[in-house]
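Peer 1: Okay, handing you the structure first.
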Amino acid sequence: MALSLNALSSVILMLLTKTRTTTTEGFTEREIQELDSFTNNLLTCRGIPGLALSVVRGRDVLLTKGYGVTDVYSKLTVTENSTFCIGSITKGFTATILAMLIAENKSLTWDTRIRDIMGNSFHLADEERTNQATIRDLLAHKLGIPGYFGALMSGMEVDRKELVSRLRYFTTDEPFRSKYIYNNFMYMLAGYVAEIITGKSWETLLKQRILRPLKMTSSLLVSEIETLEGFALPHMSFNNSLKCISPDILAVVSPADPAGGICSTARDMAQWLLFVVNKGLDQANNELLRFREFKELLKPQLPTNLQLGKKTLKKPIFPVSEGRFAYDMGWGSGTYRGFHNVQHPGRINGYDSLIWVFPDSDIGIFTSTNGPMNDESYNGLRALHYYISDILLKEKVWLNHTTACTFPNPWMSDHEGRRPASHKADTAARRSGNSLLETMQKLQYVSDIPLRQYAGTYGHLAFGNITVTYNTTDDLLYISQNKYFRARLYPLHGRHRFYMKLFGPLKFWTSADGWSDRIPLYFKSSGGNESNIQTLVAVHVDASAKPEFHRGLKWDSLPIPTTIMPGNPCGFVSHACHSVKDPVSALLQVLVLFSIFLIDHIGILV
């Protein structure tokens, strides 16, 4: 009989409530030699330039090591001190900061409403989410708001405070708390909530509460990168050839650094693993995070539905079973060969990372690659985690040098009755990414509208402006959005239908191996006049939500509701924070609130 999520949660919590005693049993010399051989072979066959590895057990660091090269030009060797950017593994750090604040503040719980912290300045797309969203909801991806990943990757030139004020214009996709929908912007909001509570920036909190106490002295944020000395540079694969991509675009994650902004080393990440394996204790056995809050971080919150072969394995198709069945808070709960583990992947321009912790076996594993950021690197990390876990869990190793290079084939290819996927231009990711495009190409209507008619500025109150220009030299449309997104538009069969090919720093979106080779985009006309082009549908911002950008609407055309600044003397907001004694200030406050009412309920744009 299948266990319910609540039942599984209870079992895991029982396991987590064990005492914090740990055991130590490491690798033999032969196992390390075989691991080195396995890893180096993996890098060669999957086209991975470099890899960082950290392994801990109990209170001991078993291994911190680098493999491969920092870049394909200098061919400098990766070491335990080489810097890799870890992407969404950052979410575990942000969740830990909130857990620390909850442990220290009697007024806070996981279920404290964001409105009670930020006051009436906080708004989401509807009244229910605005009034009921909690810290837990943010950290567990319960809000039902699409990810809008394309907007983040375009390089939004806006600070955290302003973007938080615009979350009201993020339309929803699913009922509140009904479904797991991954959203980086909600972790940005979680980081901002920590700022409001403490009056300190998220960056300062990260350093003061985690990086310094754990002696993670080489870790930094993408927004702080001043020199690339010591970095393993990011790579992508183009026509089966590795090339460095611009490190400048690492900063696209800002202002959502709390969702994916940390860069670190194998040596530093071993300290983070020790903190998690030892359930909130530092190297000196000091309690940095109270155990009650720590175990809540690893409690399943919402079930996840993961694709077979892509993120989960099951018998008898595969020799072993593995998968994540729920998202926790900054972690995902899963099992591997019957052992409970918590895990999280990380991906940011050119880097793939993966972290696994077995709470009951006191084992932690971290890996990161500096390319090629496609199925090759992602499945390579999975294969390495399986291999290391088997050794430390005393299970029979089921991957060898050959199958580690083809995983998830031959098992998936046998199951699906087809030839193994190439993991290059013909990957499943590329095919699925083109499904909408292929549908559009089947339309038989050919537009007779001059391309000049599409030129102009189209705006969205959450995601900024998209500028469309007509180039007379090549008779093509060009679009630009925010700092980095640049593309050429090529017409498709069907009125107002185009596809994009990116150029500039983000060109890998449509030219790198394992990525979709084109992205659809279309326009809408208005008033029954096909030449009256008024709307741009930005599939690249989010393929499910397909947000609409409207001609003439500018990013700065709406006054932004006032938000509580970090450093607010009230800290955790109480009714006293909203009292205004000065009559002029009171009048201004009434006018602001009245303006917000008009915007929310009548749709007036001032």
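In the UniProt record's numbering, the protein residues as written are 1 to 606. All residues carry an ideal CB built from backbone N, CA and C; glycine is no exception. Treat the numbers as computed from the prediction; the structure is a model and nothing was measured.
Under 8 Å: do the segment 95-112 and the segment 288-305 share three or more Cβ pairs, one atom per stretch?
Peer 2: Touching, yes, given that three or more Cβ pairs across the two stretches are closer than 8 Å.
Peer 1: Count the other CB atoms, across all protein chains shown, that sit within 10 Å of the CB of residue 431; report buried if there are 16 or more and exposed otherwise.
Peer 2: In this prediction, residue 431 has a pLDDT of 39, which is less than 50 and means its spatial position is unreliable; nothing more can be read from the coordinates.
Peer 1: Starting from residue 258, trace the alpha helix (DSSP H) both ways and give me its first and last residue.
Peer 2: From DSSP, the alpha helix (DSSP H) with residue 258 extends over 257-260.
Peer 1: Apply the 10 Å Cβ neighbour rule to residue 527 and answer buried if 16 or more other Cβ atoms are within range, or exposed otherwise.
Peer 2: Exposed is the call here.
Peer 1: Taking buried to mean at least 16 other C-beta atoms within 10 Å of its own C-beta, is residue 304 buried or exposed?
Peer 2: Answer is buried; the Cβ neighbour count reaches 16.
Peer 1: Between residue 318 and residue 89, what straight-line distance do the alpha-carbon atoms span, to the nearest angstrom?
Peer 2: Cα to Cα, residue 318 sits roughly 27 Å from residue 89.
Peer 1: Can you give, in chain order, each stretch of the beta strand (DSSP E) that sits fully within the segment 205-253 and has at least 3 residues?
Peer 2: List check, beta strand (DSSP E) in window: 235-238 and 241-244.
Peer 1: Would you list the one or two residues that DSSP bridges to residue 469?
Peer 2: For residue 469, which the question treats as bridged, DSSP gives the partners 478.
Peer 1: For a quick check, are the C-beta atoms of residue 399 and residue 381 less than 9 Å apart?
Peer 2: Taking 9 Å as the Cβ cut-off, residue 399 and residue 381 do not qualify as a contacting pair.
Peer 1: Within 10 Å of its beta-carbon, does residue 240 have 16 or more other beta-carbons around it, so buried, or fewer, so exposed?
Peer 2: Under this definition residue 240 is an exposed residue.
Peer 1: Given 8 Å as the limit, is there contact between the segment 234-254 and the segment 340-347, that is, 3 or more CB pairs closer than that?
Peer 2: Contact fails: fewer than three Cβ-Cβ distances are below 8 Å.
Peer 1: Starting from the Cα of residue 161, find the closest Cα among 214, 198, 59 and 255 and give me that residue.
Peer 2: Nearest option by C-alpha distance: 255.
Peer 1: Could you tell me which residues DSSP pairs with residue 69 in its beta bridges?
Peer 2: According to DSSP, residue 69 bridges with 77.
Peer 1: Take residue 29 as the anchor and find which of 50, 63 and 57 has the nearest alpha-carbon.
Peer 2: Out of 50, 63 and 57, 63 has the C-alpha closest to the C-alpha of residue 29.
Peer 1: Kindly indicate which three-state DSSP category residue 157 falls into: helix, strand or coil?
Peer 2: The answer is coil: DSSP assigns residue 157 none of H, G, I, E or B.
Peer 1: Is it buried or exposed for residue 208, if we count other Cβ within 10 angstroms and need 16 for buried?
Peer 2: Exposed, since its Cβ has fewer than 16 Cβ neighbours within 10 Å.
Peer 1: In chain order, what residues of the same chain lie with their CB nearer than 6 Å to the CB of residue 147, ignoring the 5 residues before and after it?
Peer 2: Counting only Cβ-Cβ distances below 6 Å, and skipping sequence neighbours, we find 182 and 183.
Peer 1: In angstroms, rounded to a whole number, what distance separates the CA positions of residue 67 and residue 470?
Peer 2: Cα to Cα, residue 67 sits roughly 47 Å from residue 470.
Peer 1: Three-state secondary structure (DSSP) at residue 115?
Peer 2: Looking at residue 115 - three-state DSSP - the assignment turns out to be helix.
Peer 1: Note the first and the last residue of the continuous alpha helix (DSSP H) segment covering residue 320.
Peer 2: Run containing residue 320: none; DSSP gives neither H nor E here.
Peer 1: Go through the segment 305-386 residue by residue and report every complete run of the alpha helix (DSSP H) that reaches 4 residues or more, in order.
Peer 2: None, since the segment 305-386 contains no complete alpha helix (DSSP H) of that length.
Peer 1: Got a sec? Which residues, its chain only, sit under 7 Å from residue 40 by beta carbon, not counting five neighbours each side?
Peer 2: Answer for residue 40: 67, listed in chain order.
Peer 1: Give the secondary structure of residue 135 by DSSP, where H, G and I count as helix, E and B as strand, and everything else as coil.
Peer 2: If DSSP states are grouped into helix, strand and coil, residue 135 belongs with the helices.
Peer 1: In the DSSP assignment, find the unbroken beta strand (DSSP E) run with residue 50 in it and report its ends.
Peer 2: Looking at the DSSP string, the run of the beta strand (DSSP E) that includes residue 50 is 50-57.
Peer 1: When DSSP labels each residue in this structure, what does residue 449 get in the three-state scheme?
Peer 2: In this structure, residue 449 counts as coil in the three-state DSSP scheme.
Peer 1: In whole angstroms, give me the CA-to-CA distance for residue 272 and residue 533.
Peer 2: Their backbone Cα atoms lie some 52 Å apart in a straight line.
Peer 1: Can you tell me whether residue 493 is buried or exposed, with buried defined as 16 or more other CB within 10 angstroms of its CB?
Peer 2: Exposed, by the Cβ-count rule.
Peer 1: Using CA coordinates, which residue listed in 498, 180 and 196 is at the minimum distance from residue 145?
Peer 2: That would be 180, whose Cα lies nearest to the Cα of residue 145.
Peer 1: May I ask you to list the residues that DSSP assigns as paired with residue 674?
Peer 2: No answer is possible for residue 674: the residues shown for the chain start at 1 and end at 606.
Peer 1: Under a three-way DSSP split, which group does residue 24 fall into?
Peer 2: Reliability fails at residue 24, whose pLDDT of 49 lies under 50, so the model's placement of it is uncertain and no value is given.
Peer 1: Quick one, are the C-beta atoms of residue 59 and residue 283 less than 9 Å apart?
Peer 2: Contact: yes.
Peer 1: Is the segment 43-54 close to the segment 68-78, with three or more CB pairs under 8 Å?
Peer 2: These segments touch.
Peer 1: Is it true that the segment 228-237 meets the segment 357-365, where meeting means three or more beta-carbon pairs spaced less than 8 Å apart?
Peer 2: No, the segment 228-237 is not in contact with the segment 357-365.
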